[in-house]
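**Student:**
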DNA sequence: ATGAAAGCGCTAACAT
DNA sequence: ATGTTAGCGCTTTCAT
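Chains as they are written, first to last, in the working numbering: chain P, 1 to 346; chain G, 1 to 346.
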């Protein structure tokens, strides 16, 4: 009765009995690994249909080497930065006939370690990790001998398998855009400097300012984290402390920009009329934000895609697989939060 | 050399040799399945440390019954409706010590079938499916004898394992909110009626209108799909066709509302001053949308969570597991797109 | 308290 | 062209 939920699925043995052939023949038919006569092939296929047979992937990879499985550990699937990235990974995995285990740590370091062990037990062929900032976390990965590539964030001075975007350039682009539009007195609200991307964006900001012949005003620099709350808090502080507001804010993430704009609006300061705000990362929310946010796009889908491709090169190349870093270039997305016209300010 | 990426990991046999005990003893130590002397236990643990051993989950579930794995098939991980739902599922899976395979079909029916077979081959213990609308798709699942629970959407007249929200009520709530605020001439822009949720929301709208003693004006009703584009298109059409606009729009999803508001703004029609717009589903974008959107919250996280809990009941209860449907109640989230005050319109 | 050995479902080398 | 058989890593009786 094919329609019944059979507690134990049919096995090759069942097929071989049903089709009155040997197990090896069944295997040969399924894997097309050697010639089998028309007749037996049919009998076997027939039996497979009848018994609703599906090979057991475990038994298979017990013998063989590969489990045809890859995994990814990401810090927060609810953060809009990641879904596109995950889709990029998944698409490539599928394309290669691999299955893909997604592990969401929800920013819990304990869950991270648990996942590492789980992945080991599942004998996964490769692992993508989005967001390792601490060298110790990386060590946990390496000491387990996992085949991995890092995504997005990386620990200090890491120079191996990594795919990310040129964060330094994101800020340069921001500054250049702002300056082109006529803004010169620019505040910076950044992320946690312990995170590589935040660090790079901050460096890029300083570099960009210098390049434009501008000075970074230390009283207009804030470091927090990539959240709405942090952007809100620091903008509030800036508003209350400064007698004269800067004419632009360069935020290190769109979330920060959202928070800053909220704070600004609460004080009836208009964006972009009174002050320009530049985001960074092109969050899917940004286009339709209260004020459509000018920002820097990060090619998140491609990041995931290329990271997975890179991982597959390592998997294919077995032990070898030369370490390499892929750095994607960001691009400017001009919307309305920075205005469009050259305004002259006294 | 523990730091080396060993192509083949240590096995129980290796441990047993290293610790000079039998394989059975190793197994007993690892699973605490029978008493082992202090001394041997230590020797075994020692060897496990040294060889960096991790049990092979495959071999394990080859013998035993359960693979300790669940899967979920979702239609679109990039749609902001789902990440929270997925997190709910994942959290419960983790809690139960199961691993969780996420399958994203990207709305591709072929990928759906492929995933079904994959899941079968991996001998997954249970499956969650968000978004089956077609009876034929369900049949594919059932004929494979999979242990599943449906989420969010369901095929017509489906009365088995399902977790969703009361879509009928979402529209009732919308209408009631609108009417309370003084709106009476209400347009409806809905989704694809072949989708259960869209159908239910449309039914709920009609019911709600009647309940409020209002008539549904057929020329103000549009059915499309849950996208920005669809909302935009139908609002445009309405604007161009109607000599006199309704005083409110009830949209069947936040995306539709976004699109409608876009169209409205393009025609310099203000929201909520000139027309109120009500969303549905409380998309994470909505709070900070161009005009913060009043909408109906869907408890997406809980949907995922409860669906997974329901699935575990089925897994635990083996073959049994009574079929049941869990319907969550939505709630109103009043923001600015519908205004706050009772306005009198002639 | 410990160990030997059978067997889970499959693949692949070897026989026939 | 087809079948026999030895493992893969582990769990689990069953002996000792």
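For every residue, glycine included, the Cβ atom is placed at its ideal position computed from N, Cα and C.
Small disclaimer: the values here were computed from a predicted structure and weren't measured.
Check each candidate in G:95, G:87, G:146 and G:92 and name the one with the smallest Cα separation from residue 116 of chain G.
**Tutor:** Taking only the C-alpha atoms, the option nearest residue 116 of chain G is G:146.
**Student:** Spell out whether any CB of chain G is found under 7 Å from the CB atom of residue 19 of chain P.
**Tutor:** Chain G contact via Cβ: absent.
**Student:** Is DSSP giving residue 223 of chain G helix, strand or coil here?
**Tutor:** Three-state result, residue 223 of chain G: strand.
**Student:** What are the complete beta strand (DSSP E) segments, minimum 3 residues, inside the stretch 107-192 of chain G?
**Tutor:** Counting whole runs of 3 or more residues, the stretch 107-192 of chain G contains the beta strand (DSSP E) stretches 126-130, 148-151, 162-165 and 186-190.
**Student:** Which residues share a DSSP beta bridge with residue 210 of chain G?
**Tutor:** BP columns for residue 210 of chain G are empty, so no partner.
**Student:** Threshold first: 3 residues or longer. Then list the beta strand (DSSP E) segments lying entirely within the stretch 236-262 of chain P, N to C.
**Tutor:** Complete beta strand (DSSP E) runs here, min 3: 248-251.
**Student:** Give me, in chain order, the residues of the same chain whose beta-carbon lies closer than 6 Å to that of residue 306 of chain P; leave out the 5 immediate sequence neighbours on both sides.
**Tutor:** Cβ neighbours of residue 306 of chain P beyond the five flanking positions: 163 and 326.
**Student:** Given this structure, state the Cα-to-Cα distance separating residue 249 of chain G from residue 278 of chain P, to the nearest angstrom.
**Tutor:** C-alpha separation (whole angstroms): 33 Å.
**Student:** Taking the continuous beta strand (DSSP E) assigned at residue 278 of chain P, which residues delimit it?
**Tutor:** That run of the beta strand (DSSP E) goes 276-278.
**Student:** Anything in the stretch 43-58 of chain P with a Cβ closer than 9 Å to a Cβ of chain G? List those residues in chain order, please.
**Tutor:** Cβ contacts with chain G: 52, 54, 55, 56, 57 and 58.
**Student:** Count Cβ pairs between the stretch 70-87 of chain P and the stretch 40-49 of chain P that sit closer than 8 Å; are there 3 or more?
**Tutor:** The answer is no - the stretch 40-49 of chain P does not touch the stretch 70-87 of chain P, with fewer than three Cβ pairs under 8 Å.
**Student:** So residue 310 of chain P is in the beta strand (DSSP E); what residue range does that whole segment cover?
**Tutor:** Looking at the DSSP string, residue 310 of chain P is not in any beta strand (DSSP E); the run it does join, the alpha helix (DSSP H), is 300-316.
**Student:** Would residue 253 of chain P pass as a contact of residue 226 of chain P if the rule is Cβ separation under 7 Å?
**Tutor:** Taking 7 Å as the Cβ cut-off, residue 253 of chain P and residue 226 of chain P qualify as a contacting pair.
**Student:** Looking at chain G, is there any beta carbon in it that lies within less than 7 Å of the beta carbon of residue 62 of chain P?
**Tutor:** Yes, residue 62 of chain P counts as interfacial toward chain G.
**Student:** Could you give the uninterrupted runs of the alpha helix (DSSP H) lying entirely in the stretch 33-75 of chain G, keeping only those of 4 residues or more?
**Tutor:** Correct list: 38-51 and 57-63.
**Student:** At a Cβ threshold of 7 Å, is residue 307 of chain G touching chain P?
**Tutor:** Not closer than 7 Å to any Cβ of chain P, the Cβ of residue 307 of chain G fails to qualify, so no.
**Student:** Assign residue 338 of chain G to buried or exposed, taking buried as 16 or more other Cβ atoms, counted over all protein chains shown, within 10 Å of its Cβ.
**Tutor:** Result: buried.
**Student:** Is the CB of residue 258 of chain P under 7 Å away from at least one CB in chain G?
**Tutor:** So yes, residue 258 of chain P belongs to the interface.
**Student:** If the cut-off is 8 Å on Cβ atoms, which residues from the stretch 123-142 of chain P count as contacting chain G, listed in chain order?
**Tutor:** Going along the stretch 123-142 of chain P in chain order, one finds 123 and 142 with a Cβ nearer than 8 Å to chain G.
**Student:** Listing by chain order, which chain P residues have their CB less than 9 Å from the CB of residue 155 of chain G?
**Tutor:** In chain order: nothing, as chain P lies at least about 17 Å away.
**Student:** Which first and last residues belong to the alpha helix (DSSP H) in which residue 281 of chain G is found?
**Tutor:** It is not in any alpha helix (DSSP H) - residue 281 of chain G carries neither H nor E in the DSSP assignment.
**Student:** By the three-class DSSP mapping on this structure, what secondary structure does residue 205 of chain G have?
**Tutor:** Three-state DSSP puts residue 205 of chain G in a helix.
**Student:** Is there at least one Cβ from chain G nearer than 7 Å to residue 323 of chain P's Cβ?
**Tutor:** Cβ-Cβ to chain G under 7 Å: no for residue 323 of chain P.
**Student:** Relative to the C-alpha of residue 125 of chain P, which candidate in P:329, P:317, P:324 and P:331 has its C-alpha closest?
**Tutor:** Residue 125 of chain P has its Cα closest to that of P:317, out of P:329, P:317, P:324 and P:331.
**Student:** Which first and last residues belong to the alpha helix (DSSP H) in which residue 31 of chain G is found?
**Tutor:** Segment 23-31, the alpha helix (DSSP H) holding residue 31 of chain G.
**Student:** Indicate whether at least one CB of chain G lies closer than 7 Å to the CB of residue 71 of chain P.
**Tutor:** Output row for residue 71 of chain P: interface = no.
**Student:** Report the option in G:291, G:35, G:216 and G:106 whose CA atom is closest to the CA atom of residue 86 of chain P.
**Tutor:** Among G:291, G:35, G:216 and G:106, the Cα nearest to that of residue 86 of chain P belongs to G:106.
**Student:** Under 8 Å Cβ-Cβ, which residues of chain G neighbour residue 84 of chain P?
**Tutor:** 78, listed in chain order.
**Student:** Nearest to residue 97 of chain P by CA position, among G:119, G:77, G:98 and G:303, is which residue?
**Tutor:** Cα-wise, what sits closest to residue 97 of chain P is G:119.
**Student:** Comparing the C-beta of residue 110 of chain P with each C-beta of chain G, is any distance below 7 Å?
**Tutor:** With 7 Å as the cut-off, residue 110 of chain P does not count as an interface residue toward chain G.
**Student:** Starting from residue 323 of chain P and walking both ways along the beta strand (DSSP E), at which residues does that stretch end?
**Tutor:** Element bounds for residue 323 of chain P: n/a, residue is neither H nor E.
**Student:** Of all the CB atoms in chain P, is at least one closer than 7 Å to the CB of residue 328 of chain G?
**Tutor:** Not an interface residue.
**Student:** How is residue 333 of chain G classed by DSSP in three states: helix, strand or coil?
**Tutor:** It is a strand residue.
**Student:** Express the C-alpha separation of residue 228 of chain P and residue 336 of chain P in angstroms, rounding to a whole number.
**Tutor:** Taking the straight line joining both Cα atoms gives about 19 Å.
**Student:** Can you give me the Cβ contacts of residue 91 of chain G inside the same chain, cut-off strictly under 7 Å, excluding the 5 residues immediately before and after it?
**Tutor:** Excluding sequence neighbours, residue 91 of chain G sits near 305.
**Student:** Just tell me which of G:214, G:290 and G:170 has its CA closest to the CA of residue 260 of chain G.
**Tutor:** With distances taken between Cα atoms, residue 260 of chain G lies closest to G:290.
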